[in-house]
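Okay, structure first, notes after.
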Amino acid sequence: MNKIEHIGIAVKDLEKSNEIFASLFGKSHYKTEEVESEGVKTSFFQVGSNKIELLEGTNENSPISKFIEKKGEGVHHIAFSVDDILGEVTRLKKEGFVVLNEIPKKGADNKLVVFLHPKSTNGVLIELCQEIM
Ligand code: ZN
0 MNKIEHIGIA VKDLEKSNEI FASLFGKSHY KTEEVESEGV KTSFFQVGSN
50 KIELLEGTNE NSPISKFIEK KGEGVHHIAF SVDDILGEVT RLKKEGFVVL
100 NEIPKKGADN KLVVFLHPKS TNGVLIELCQ EIM
């Protein structure tokens with residue numbers, strides 16, 4: 000596993016939150032993207048060498064909408080970049096981590112992504128992501 004690729008924050012209203020975080024960081028988001036299969040709209044901020052992803056659910060069945068319903072807005076996941084996502088899935092399963100989707104899916108920002116269930120990671124939703132070449 001490499002560096003933290005980004006931190007994902009669940010928000011109710013992406014437009015409003017884009018303004019809040021733009022004031023916070025002193026610069027606007029550099030892109031927005033909708034991932035229809037996941038029912039999310041996202042925006043990305045670059046802060047130094049770090050990236051922040053804001054996520055809004057686009058329907059009530061979206062994992063983001065459900066998260067906010069249960070826990071409210073806030074930090075949703077931490078994403079780590081990996082070079083070999085399938086190799087990491089195999090390794091982490093062997094270590095006993097619960098993988099939510101063993102077959103990587105297409106996420107935002109041109110990445111293949113796999114999520115680990117928070118119940119095996121002390122309550123933190125972990126995303127593994129690999130750049131699609
Ligand atoms: Zn993410």
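Numbered per numbering that gives the first Met the number 0, the sequence shown spans residues 0 to 132. Quick reminder that beta carbons are idealized off the backbone N, C-alpha and C, glycines included.
Query, Result
"Of all the options E68, H5, K11, which has the alpha carbon lying nearest to the alpha carbon of F44?", "H5"
"Could you compute how far the alpha carbon of A9 sits from the alpha carbon of G38?", "13 Å"
"Using DSSP's beta-bridge definition, name the partner residues of E14.", "Answer is none; E14 lacks a bridge partner."
"Would you say the beta carbon of G7 is closer than 7 Å to some non-hydrogen atom of ligand 3?", "Within the structure as shown, ligand 3 is missing, the only ligands being ligand 1."
"Going by DSSP, what residues sit across from N49 in a beta bridge?", "V46"
"With 16 other CB atoms within 10 Å as the buried threshold, where does S16 fall?", "buried"
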